[in-house]
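Chemist: The UniProt record's numbering puts the first residue of the sequence shown at 1, with every later residue one more than the last.
Beta carbons: idealized from backbone N, C-alpha and C, even for Gly.
Since the structure is predicted, the reported quantities are computational estimates derived from the model, not experimental observations.
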Amino acid sequence: MKYYHPLLLTPGPTPVPDQILHATQLPMVGHRSSDFETIAEEAFRALKPVFWFRK
1 MKYYHPLLLT PGPTPVPDQI LHATQLPMVG HRSSDFETIA EEAFRALKPV FWFRK
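#1: Could you give the residue range of the alpha helix (DSSP H) that holds W38?
#2: To the nearest angstrom, how far is it from the Cα of L21 to the Cα of K2?
#3: How would you write the range of the alpha helix (DSSP H) that Q19 sits in, first residue to last?
#4: Given 7 Å as the limit, tell me if L9 has its C-beta closer than that to any heavy atom belonging to the ligand NAP.
#5: Please confirm whether P15 and L7 have their CB atoms less than 8 Å apart.
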């Protein structure tokens, strides 16, 4: 049996790990949900040093 592994063709071709392909099949997180709020807060906190934000 031949195994076919699809490629993401932008800007590529780029091999995409199976973990990423499976993650794209998960339901989206709504921008008004509490899950999104948690993710956004973590991202903003992690980005503060990148932009030299001191507060």
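Modeler: Taking the geometry as given:
#1: According to the sequence displayed, residue 38 carries Thr and not Trp. Counting along the chain, the alpha helix (DSSP H) containing T38 begins and ends at S34 to L47.
#2: Straight-line Cα distance between these residues: approximately 19 Å.
#3: D18 to A23
#4: Inclusion of the ligand NAP in the displayed structure is not the case, the ligand content being empty and no account of it being possible.
#5: yes
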